[in-house]
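For the sequence shown, UniProt numbering begins at 1 and goes up steadily by one.
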Amino acid sequence: MPSLSRQLWQDALPDALAALHHPFVSNLYGGSLPKASFQFFISQDAAFLGVEEELSMHKSYAAAWGVTLTGNFVPSTACTDYTEFVQEVARTESVPCILAAMTPCNRLYAFLGAQLAGAGRCGDNPYAEWVRTYADPAFQALPERMEALLAELGHVAEYSKMRTLYRRAMRLEMCFFSAVPGVPARPAVGLLVVDFDETLTEADTTPSIIATAIAAAEASAGGELKAKVRQEREAQRDQLVANYARERDELLADVLPDRAKPAAAYDPAWVDAFVERLSEFDARMNQAVVDSGVLAGVPRGALARAGRAAALREGAAGALARAQRARVSLHVLSVSWSGELVRGALQGAIAVAHGRGGDGAEATVVHCNELRYDDAGVATGDITRRVEHGADKAAALDRLLLTRTGRRGGAPGAGLAVYIGDSPSDLAPLLAADLGIVIGANALLRRVAAAGGVRLRPLLAAGAALEGRKAPGELYQAGSWAEVEAALFGPRPEGSRAGVRVPRVLAIAGSDSGGGAGVQADLKTCLARGVYGASAISAVTAQDTRGVHGVHAVPPAFLAMQIDAVLRDIGADAVKTGMLPSTDAVAVVADAVVAHGVRNLVVDPVLVATSGDALADDSVAGALRARLFPLAALVTPNLAEAATLLGGRRIDSVDAMKDAARDLHASGPAAVLVKGGHLPADAPGVAANTAVDVLYDGREMTVLVGPRVDTANTHGTGCTTASAVAAELAKGLSMRKAVEAAKAYVAEALARSAPLKIGRGHQRPMNHGFQIHDWAAAARAPRLDLRCYAVTDPGCNARAGRSSAAAAAAALAGGATLLQAREKDADGGDFLAAARELIALAQAQGVGVIVNDRVDVALAAGAAGAHVGQGDLPAATARTLLGADRLLGVSVKSVAQALRAQADGADYLGAGAVFPTSTKDTDVIGVDTLAEICAAVSIPVVAIGGITAANAPAAIEAGCAGVAVVSAVFAAPDVAAAASEIRGVVDAALDEHSSRRR
C-alpha cells in the first residue's frame, strides 16, 4: 500500500475495526444473520452502485437470494446519503479528493473479506460465498489500483481534506450496515475488569517499583554511603530476579512436560491445578521480596510519580473512557505491589476512585496490593496482600459478579461480564468471565492455554460469547485496544472526537483580596501561560499593597471538598500549592495528592507574606517537609523560606543556596528550586545586575542566571513563579525547561510592570497579562495621527543618496505624524534592524512607526503596529498576532474591502491609489470611491497613491483623516521642507473641512 493510502487507512482504522465488529458483519460471519436482512443489504448495495455493468453483475447474485433488482423498491436513507455524498464530491472536488472518497469502499470490503476468511469456520456458513468474493485475490487487487493512482496524484491535494472525505466514506459504509433491518443488536457490557501490567501498559512496571525503592534508599543515605547503598540494593534486586527465573523454570518443567502438544479438548481440572501451582509460586516470590527489604524506604507518593511515567498501550485510555461514558462498571485488577502506582498511571486518562470501594460506574476501582507505610509515610518493606496471584484474581472477579448480579451466573439486564488480560495469572478470570479477551503476545499464556485445551480464537469470532453463549474453554484474542473498543462498544458517534487536550493546573492557595498574590496570581499566570486554571482556597486574607490585615483559614474538611470536586471531574496535569495555614491543611493536601494520583506537584512553601506578616503556623514548615515534600516534583522556596525550612540557617551566597538545595532535596522532592531574588547584589557568586536561582534534581546542580529588574512591583513573584512552572509541566515540558520558561516569563512580567503604580503601599503587584494588554506600553503608545503619514521608500532615498534613517529624521523634522517602514527587498534581519533604527528616531519625537507587510518584524521591533495589503497576511490573523495594543492598518480599494477590514479589526484604512502614482503599479480608485469608503466605515481613512501638496485637500474633502505620502516627500530635494508643506496643506484642509461641518 503506498504511503499516502497507508496513512489514510491508519487514520480510518478505528472506523474499519468498528465495521469489522458491526453486528451485521459479526452475525454474517457467524451465519446467524436473518436471510431477509441479507436480502435487504443486497438490494441496497445494488441500488448504490447504479452502474449498468456492475448492476448486471449483481443481478445473478441477487437472484440466487431471491432478490429482484427491478421494480420500484425505495432506497434507504443510508443508501441515498452515500450516493449523494459521492455525487457531490464528483461535482465539486479534484481528482485526488474523488479518489479519497471512492477508495474506502473497495479497501474496506477487501479488509472485511480478508479478516473474515482468515478467522476460519466459514465453510458451512450460508454467507460463505459473500466472504470468498471479497477475500478473492481479484477483488483484493481493486483497491490497490485505486491507491496507486491516489499516490500518483495525491500530492496536489490537501491531506486534511482527503482524510475527511476518506473517513466520511468509511462512516457511510457503516451506515449501510446499520440500515439493515432485523440484525440482532450488540449486547451491552455491564462489567469490565482489566488487568494492569502489559494489558493496559506497554511494559511490566515491577522494575519501576524496585528502581524507585533503590533511588529512595540512595537519597536517604549519607553522601559517602550513597554508592554503597545503591550497590547493595541492586545486588538484592539481581538476586531476586535470578531466583525468580530459576524457580519459575523449575515450575514450568514440572507442570508442562507432558503437555508439549495441545490438548485435544478443554481440561478444566488441569487448568485449575496449574492456576493453583502458579499462585503458590507467586505468593512465595512476593514473600521473598518482602523478606529482602528491597521495598523499604520508599516515601508515600513516590510510586504515584513512577506510575505517571508508565506508558499505556495505544488506545487503552480511550477504550476505558468509552466504558466509563457508557456507565459500565469498570475495575482494574492487578498483582502489582503498589496500587498507588497503578492509580498514578491511570489518573488523568480516566476517572479513578480514591479507594477500593464503589461500583466502578462513576470512577474506575483499582484492586491491588499496597506497600505498607509507617507513621512518617515511609515504606516498611512489607506489602498489604490483596491480589497476589491468579487465584486471587479469580476470587476478586467472583465477588464482583456476585455484588453486581446477586448470583454467580449473571442476571437479566446486568449486561456481559468481560475480563481482559495478557498473562497466565489472568487465565482463571479470563475463563470465568462471559467474555475473556487476551491482548498482547504473551507466549507463556498461549503455551499454557494450549496445554489445557483452551482455544484462542479471533475476537471477530466472539459472536456467541457476546450473546451469552460462550463455549467452555474458549477465549478471544484482540490485536489492539482499538479492536477491543470496536467489539464492545461499536463505532464512536458521528462527529465525536477524542477532544482537544487542554493542559490543566489546580492551584491550592490562599486568596489575596488585593489580587497580586495567592490564588489570584496563580489563575492569572495560568491564563497567561496557556493552561486551564482551577482553584481550591485554603484561606481568605484581607490584604492590599500595604500588608495583610487579617487571615481566615478555610476549614480543612471544606478544603478537601474543593480539591476532590476539581480532581474528580476536571482533573489536573499539575497541582501547585501555596499558602497552607495549618498542619491540618497540609495533611488534607497530602492525602488528596496520594488518593488522586496527582502528577507534577509543585510546592511553594509560603510561610510569610512579602510584608513580613505570618501566613502559617510555626509547625507548618515541619509538616511541609514531612508530608508534602516527598510527594513533590518541585519545591520552590525563596531564601527566607529555605532558611526557615532548614532551621534558620544563613543563606547569603550562591554556594549557600546550593547547599540548601541539596539539604531540602533530602526531604524527598524530585527537584528543588531555591530562588535568589532577595540575594544582595554584591553577594558572592552574583554578577552585576543579575538574579540567580539554583535548581537541583539530585543529580545535576544548575545555576540559572537572569536579568535583575529594578521595580517595586514584585508582590506575588513567588506564587507566579511556582504557578508558571506548574503550567509548563502541565503542557509537557521537562523540569529544566519548565523552570527556565517560568523564570523568563516572570522576568518579562516584572520588566513590563516596572512603570506601573497600583496601590499606595510598598508591595505592588505586577501585570501578569502583559501579553494580552501591556498597560505600560499602552501609556507610551503614540496617538494615531494620520495627518502626514510618511511611507519610507528605499528607491527614492537611494537615488537621492541618503539613508532611510536620514530621510526619516528629515521627515520627522518637517512634521510627519506617523512613519511607515517599508523595505520590499530587505530580508528579515536587515528589515528588523532598519525598523528598530526608525523607531528610536520616531520615539524621541513622540511619533509611531508602522511596519509594512511584516507583522513578525513589527512585533520583534516593538513597532506601534503593522500595515497589510489585500495580498498579505489576512487582516483577522494580523489582528490576532498584534493583539489589542498595537495598530493595524489595511489597504483597501473598495467599500466591500473596507467593511471587511473594519470587521477584521483594522484601526485605520489606507485607501487608494487615489491618483496615478509612479511608486507602485496599481489601479486608481479616484476621489469618488475614496469618499464612498470614508462614508461607509467608522474608522479613520488615510488616502494613499499619487498624493501631492496640490491634491491632498481633495482627499481631506472626501473624508480622510490624513494622507500617506511617498515620493512627494522622499523624492523631494529637501525632505523636511516637503513634509512641512504637506503637513501645512493637510492641517489647513482639515480645519476648513471641520468648519464647514460645524
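Even for Gly, the Cβ is constructed at its ideal location relative to N, Cα and C.
- In this structure, the alpha-carbon of S891 lies about 9 Å from that of A901.
- When DSSP states are grouped into helix, strand and coil, S329 belongs to the strand group.
- The shortest C-alpha to C-alpha distance from N369 to any of E474, I209, Q239 and L312 is the one to I209.
- Counted as a single uninterrupted DSSP element, the beta strand (DSSP E) harbouring Y476 occupies residues E474 to A478.
- Shown here for P262: same chain residues with a beta carbon closer than 8 Å to its own, the five before and five after excluded, namely A450, A451 and G453 in chain order.
- By the neighbour-count criterion, in which 16 or more other beta carbons inside 10 Å mark a residue as buried, S334 falls on the buried side.
- For D291, the secondary structure class from DSSP, reduced to helix, strand or coil, is helix.
- Restricting attention to V484, A528 and Y159, the CA atom closest to the CA of E314 is found in V484.
- Here F558 is exposed. Its C-beta has fewer than 16 other C-beta atoms within 10 Å.
- Under the 8 Å Cβ criterion, the region 924-942 counts as touching the region 951-958, having at least three qualifying pairs.
- Given a length threshold of 4 residues, each whole run of the alpha helix (DSSP H) inside the region 882-961 is given here in chain order: 895-903, 926-936 and 952-957.
- The C-beta distance from A840 to V851 rounds to 14 Å, too long to fall under 8 Å, and the pair is not in contact.
- A contact is defined here as three or more CB-CB pairs under 8 Å, and the region 84-103 fails this definition with respect to the region 174-191.
- Shortest Cα-Cα distance from A860 to any of A876, G889 and G828 involves G828.
- V586 and R529 do not touch by the CB rule: their CB atoms are close to 26 Å apart, not below 8 Å.
- Just so you know, the alpha carbons of E728 and L601 end up roughly 12 Å apart.
- Within a 10 Å sphere around the beta-carbon of D544 sit 16 or more other beta-carbons, which makes this residue buried.
- Sixteen is the threshold: since fewer than 16 other Cβ atoms of the shown chains lie within 10 Å of the Cβ of G622, the residue is exposed.
- In this structure P503 is buried. Its beta-carbon is surrounded by 16 or more other beta-carbon atoms within 10 angstroms.
- Residue pairing from DSSP places S511 in a beta bridge opposite V540.
- Residue burial is scored here from C-beta neighbours: A833 has fewer than 16 other C-beta atoms within 10 angstroms and is therefore classed as exposed.
- In the DSSP assignment, H367 forms a beta bridge with L333.
- Straight-line spacing of the CA atoms in A433 and T403 works out to 14 Å.
- Residue environment for K743: buried (at least 16 other C-beta atoms within 10 angstroms of its C-beta).
- Between N689 and M766, the C-beta gap is not smaller than 9 Å, which leaves the two residues out of contact.
- When DSSP states are grouped into helix, strand and coil, Q820 belongs to the strand group.
- In the DSSP annotation of this structure, the continuous segment of the alpha helix (DSSP H) that includes N27 starts and ends at P23 to G30.
- Closest option to T164, judged by alpha-carbon separation, among F85, V131, Q231 and G307: F85.
- Take L459, set aside five residues on each side of it, and the residues of its chain with a beta-carbon closer than 7 Å to its own are I437, Y476, Q477, A478, E483 and A487, in chain order.
- Assigned with DSSP and collapsed to three states, R625 falls in helix.
- Under the DSSP definition of a beta bridge, S535 partners with A507.
- According to DSSP, residue pairing for C788 in a beta bridge involves V963.
- Assignment of Y127 by DSSP, reduced to helix, strand and coil, places it in the coil class.
- Boundaries for N106: no beta strand (DSSP E) harbours it, while the alpha helix (DSSP H) harbouring it runs V95 to G118, taken from the DSSP string.
- Within a 10 Å sphere around the beta-carbon of G871 sit fewer than 16 other beta-carbons, which makes this residue exposed.
- As a beta-bridge residue in DSSP terms, G547 pairs with D544.
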